[in-house]
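Residue numbers (my numbering), protein chains in the order written: chain A, 27 to 131; chain B, 12 to 669.
Just so it is clear, CB atoms sit at the ideal spot from N, CA and C, and this is done for glycine as well.
Have a look at the structure below, then the notes.
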């Protein structure tokens with residue numbers, strides 16, 4: 027049995043769903059941030075898989091390049107996100123995301 | 012070869028003067044007031060030259076120039092200028108009179124702090140009038156029509172710090188607006204019936220009978236209501252005597268060339284439309300005739316020299332309407348065909364406008380000169396000015412003789428034509444006209460004898476800058492334009508010999524003038540052809556009788572004016588109170604109908620409907636937002652869930668309906 031495109035996509039979908047669930051359901055802001063990272067990496071897997079599937083002879087590396095860009099952005103995003111979380115913690119002594127509701131109407 | 016650009020240049024010159032004075036001279040050269048006067052004078056002099064060029068190129072008429080202005084679907088508005096004979100003569104009148112008035116203003120307005128403003132407004136006023144006579148479609152006419160109204164408002168209220176001037180300006184604007192409303196409705200009626208604003212096309216449709224019936228009558232009456240407002244015909248004449256509050260040269264311009272001529276011009280321009288509706292043209296003739304005698308009767312008893320002249324203007328405008336109307340009536344009743352009649356009607360009406368412009372402008376400038384010397388407009392305080400101001404006296408006398416219709420001055424020839432045609436086509440109105448001839452001669456010479464005859468009665472003491480012991484002749488810059496106008500007032504009627512001017516005017520609007528219906532005059536025909544044509548001599552005799560009566564009452568004093576006033580006390584009161592029309596308008600229309608009726612209704616509408624809508628919208632917003640704000644929980648994860656659900660729904664929908 028060889029690994030086809032669908033295996034990668036299923037993996038990607040599972041990872042994305044886990045990430046999405048975590049981002050929407052977890053209370054701890056650090057966990058939410060981690061779940062977002064999982065979603066980004068799920069997308070990366072799908073991206074590389076599609077790139078490999080559409081252009082098998084590896085001349086065009088569009089998908090791979092995108093994946094690398096996303097990783098870079100994810101790293102930056104993690105840095106900014108953690109900084110925000112630390113600031114929230116300093117101000118409110120908690121990282122419970124349900125307590126951060128200043129925008130309530 | 013006459014390029015059509017010339018028409019635009021004529022119109023743009025005074026507009027340039029307006030822009031130059033208000034954008035350059037007023038901000039940067041405020042201490043050199045003379046410059047703005049020179050600017051407008053040079054602009055108008057060039058415009059006058061170009062107008063003469065236009066007139067001498069009459070063999071190329073009509074010269075047209077049109078540019079698209081706005082196109083919305085099928086609805087297109089074009090900016091179009093056209094020159095034909097009627098326009099050419101109006102251009103000469105407007106630029107010529109305006110030029111003379113500006114030269115005169117150099118002296119009259121000397122030292123006024125609003126010098127720049129004055130000439131800027133004058134430029135606007137002249138430009139609007141030039142645009143009006145050049146415009147080839149009704150919409151453009153309407154634009155300039157309102158421009159003229161604005162100019163008159165600004166100039167009548169020039170000394171706005173005087174409450175009476177501010178009130179007069181408002182009155183002029185509002186009263187003429189009443190008429191303009193009808194004009195606007197007429198334009199809309201015509202457009203929705205025929206789909207065109209073009210005057211020449213509308214005229215042709217009316218003559219071909221395609222445009223007719225009630226629609227045409229309503230449209231013609233609407234146009235006429237605009238003309239009634241602008242040309243101060245009964246019952247919207249009340250603004251014109253009050254318009255005397257402006258500087259005298261402004262009155263002169265309003266009365267001669269720009270404002271009041273617009274109404275007569277418009278009726279002349281659309282005469283085929285009027286002549287196709289029997290009721291409308293009869294209405295024009297009757298209003299003209301009634302206004303002529305009605306205004307003259309008020310002129311008999313006024314003591315303010317400018318007011319006498321104002322009522323005289325209204326009366327003469329009535330003549331012009333009568334002239335246009337009476338020939339039009341002959342057309343509508345089938346005595347004349349369109350080919351014979353239209354040109355004739357225009358010639359009869361506009362020729363009087365042409366001559367009247369010169370002598371009435373002259374008379375107003377003369378009145379200004381007289382008040383410059385005596386410091387008042389009240390004739391009871393003048394008298395004997397002939398000794399002090401010989402030049403003013405001479406030119407004023409020429410104007411008065413011309414206005415009275417004395418042979419061989421200009422007024423005689425033009426008034427004669429109107430009286431003659433009134434006799435032929437509308438005999439009832441003829442009697443009004445001939446009585447008015449008598450009244451006109453009487454009140455003009457009442458002015459002459461009260462102002463220039465007898466002994467000086469002291470003028471206004473210690474009032475304004477102009478009052479100073481001995482009256483003196485006005486400076487050359489004021490006398491010169493009056494002298495030029497006096498020459499025109501004497502001689503411009505002679506253009507009619509052999510039908511030259513009439514032939515020229517008759518071709519206006521592309522209609523030829525057919526000789527059979529034109530009473531060609533020679534210089535001495537009045538006396539030599541009495542047998543065939545007694546009418547000119549009769550009119551002349553009536554006018555002389557009027558002068559004689561004025562002489563016996565105000566110069567020789569054989570009859571005491573006071574005793575005459577006592578004998579006809581009710582009439583005298585009626586005339587001097589202006590038929591109580593001002594009171595009627597004030598008490599009945601303004602207070603009862605407008606303030607207590609319509610305005611009260613509008614107030615209620617405002618409180619309950621307009622405010623109701625505004626407050627209702629606000630209340631809905633408040634209630635709606637206080638409900639919707641509950642959606643904003645501030646919980647980031649619930650927003651995220653909403654987004655995910657939304658994306659899922661969109662995906663499902665796309666999946667199903669793709």
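Given residue i as reference, the closest of the options once Cα atoms are compared
i	options	result
residue 139 of chain B	B:92, B:170, B:116	B:92
residue 429 of chain B	B:661, B:366, B:95, B:96	B:366
residue 437 of chain B	B:487, B:369, B:340	B:340
residue 109 of chain B	B:461, B:86, B:134	B:134
residue 397 of chain B	B:357, B:467, B:427, B:413	B:467
residue 246 of chain B	B:643, B:664, B:600, B:667	B:600
residue 115 of chain B	B:173, B:597, B:130	B:130
residue 360 of chain B	B:321, B:373, B:348, B:278	B:278
residue 38 of chain A	A:61, A:55, A:73	A:73
residue 203 of chain B	B:304, B:103, B:86	B:86
residue 306 of chain B	B:226, B:443, B:170	B:443
residue 160 of chain B	B:482, B:304, B:188	B:188
residue 47 of chain A	B:63, B:649, B:665	B:649
residue 34 of chain B	B:132, B:347, B:119, B:74	B:132
residue 343 of chain B	B:369, B:228, B:76	B:228
residue 588 of chain B	B:296, B:211, B:312, B:338	B:312
residue 63 of chain A	A:82, A:99, A:112	A:99
residue 370 of chain B	B:494, B:580, B:162, B:441	B:494
residue 220 of chain B	B:571, B:498, B:350, B:288	B:288
residue 157 of chain B	B:652, B:274, B:82	B:274
residue 320 of chain B	B:350, B:433, B:451	B:451
residue 224 of chain B	B:186, B:264, B:291	B:291
residue 164 of chain B	B:205, B:250, B:629, B:111	B:250
Rounded distance between the beta-carbons of residue j and residue i, thought under 8 Å
i	j	result
residue 50 of chain A	residue 96 of chain A	The Cβ separation is near 21 Å, so there is no contact.
residue 386 of chain B	residue 407 of chain B	That belief does not hold up - the Cβ atoms of residue 386 of chain B and residue 407 of chain B are roughly 18 Å apart, past 8 Å.
residue 326 of chain B	residue 447 of chain B	6 Å
residue 309 of chain B	residue 586 of chain B	5 Å
residue 142 of chain B	residue 22 of chain B	5 Å
residue 59 of chain B	residue 50 of chain B	Their Cβ separation, rounded to whole angstroms, is 15 Å, which puts residue 59 of chain B and residue 50 of chain B out of contact at 8 Å.
residue 302 of chain B	residue 332 of chain B	7 Å
residue 44 of chain B	residue 126 of chain B	4 Å
residue 294 of chain B	residue 232 of chain B	7 Å
residue 554 of chain B	residue 417 of chain B	6 Å
residue 128 of chain A	residue 645 of chain B	6 Å
residue 415 of chain B	residue 558 of chain B	7 Å
residue 53 of chain B	residue 32 of chain B	In fact, because the Cβ distance is near 12 Å, the residues do not count as touching under 8 Å.
residue 420 of chain B	residue 504 of chain B	7 Å
residue 299 of chain B	residue 336 of chain B	5 Å
residue 93 of chain A	residue 70 of chain A	4 Å
residue 413 of chain B	residue 549 of chain B	Wrong, their Cβ atoms sit about 19 Å apart, outside the cutoff.
residue 681 of chain B	residue 130 of chain A	No answer is possible for residue 681 of chain B: it lies beyond the span of chain B, which begins at 12 and ends at 669.
residue 167 of chain B	residue 257 of chain B	4 Å
residue 119 of chain B	residue 410 of chain B	With 8 Å as the limit, residue 119 of chain B and residue 410 of chain B do not qualify as a contact, their Cβ atoms being about 17 Å apart.
Every unbroken alpha helix (DSSP H) within the segment 591–654 of chain B, with a cutoff of 4 residues, ordered by chain: Listed in chain order, the complete alpha helix (DSSP H) runs (minimum 4 residues) inside the segment 591–654 of chain B are 610–616, 622–639.
Inter-stretch contact at 8 Å, needing at least 3 Cβ pairs: the segment 184–195 of chain B / the segment 237–257 of chain B: By the criterion of at least three beta-carbon pairs nearer than 8 Å, the segment 184–195 of chain B is in contact with the segment 237–257 of chain B.
Cβ-based contacts, 8 Å cut-off: residues of the segment 102–128 of chain A near chain B: Within the segment 102–128 of chain A, 123, 124, 126, 127, 128 place their CB atoms closer than 8 Å to a CB of chain B, listed in sequence order.
Every unbroken alpha helix (DSSP H) inside the segment 42–103 of chain B [4 residues or more]: Whole alpha helix (DSSP H) segments, 4+ residues: 45–67.
Where the segment 649–664 of chain B meets chain A: residues whose CB sits under 7 Å from a CB there: So the close ones are 651, 652, 655.
4-residue-minimum alpha helix (DSSP H) runs that sit fully inside the segment 45–105 of chain A, ordered along the chain: Considered as a whole, the segment 45–105 of chain A harbours 55–80 as its complete alpha helix (DSSP H) runs of no fewer than 4 residues, in chain order.
Residues of the segment 44–77 of chain A with Cβ closer than 9 Å to any Cβ of chain B, in chain order: If the cut-off is 9 Å between Cβ atoms, the segment 44–77 of chain A has 46, 49, 50, 51, 52, 53, 58 near chain B.
Touching by the beta-carbon criterion (3+ pairs, under 8 Å), the segment 96–112 of chain B and the segment 150–161 of chain B: Contact between the segment 96–112 of chain B and the segment 150–161 of chain B is absent: fewer than 3 CB-CB pairs across the two stretches fall below 8 Å.
Segment contact flag, the segment 455–462 of chain B with the segment 350–370 of chain B, C-beta cutoff 8 Å, min 3 pairs: The segment 455–462 of chain B makes no contact with the segment 350–370 of chain B: fewer than 3 CB pairs, one atom from each, lie closer than 8 Å.
Inside the segment 414–481 of chain B only - alpha helix (DSSP H) runs reaching at least 4 residues: For the segment 414–481 of chain B, whole alpha helix (DSSP H) runs of length 4 or above, ordered along the chain, are 421–436, 438–463.
Stretch pair the segment 401–416 of chain B + the segment 485–493 of chain B: three plus CB contacts closer than 8 Å: Touching, per the Cβ criterion.
Cβ contact check for the segment 212–221 of chain B and the segment 281–294 of chain B: 3 or more pairs under 8 Å: The answer is yes - the segment 281–294 of chain B touches the segment 212–221 of chain B, with three or more Cβ pairs under 8 Å.
Secondary structure, alpha helix (DSSP H): runs of 4+ residues fully inside the segment 201–284 of chain B: As far as the segment 201–284 of chain B is concerned, its whole alpha helix (DSSP H) runs of at least 4 residues are 210–219, 224–241, 250–253, 259–267, 270–280.
Cβ-based contacts, 8 Å cut-off: residues of the segment 607–637 of chain B near chain A: Residues: none.
Whole alpha helix (DSSP H) elements within the segment 113–168 of chain B, 4-residue minimum: 126–145, 149–167, all fully within the segment 113–168 of chain B.
Validate contact between the segment 62–81 of chain A and the segment 30–50 of chain A using beta carbons, cut 8 Å, 3 pairs: Touching, per the Cβ criterion.
Given 8 Å, three or more beta-carbon pairs between the segment 12–19 of chain B and the segment 60–70 of chain B: Two segments are said to touch when three or more pairs of C-beta atoms, one from each, lie closer than 8 Å; by this definition the segment 12–19 of chain B touches the segment 60–70 of chain B.
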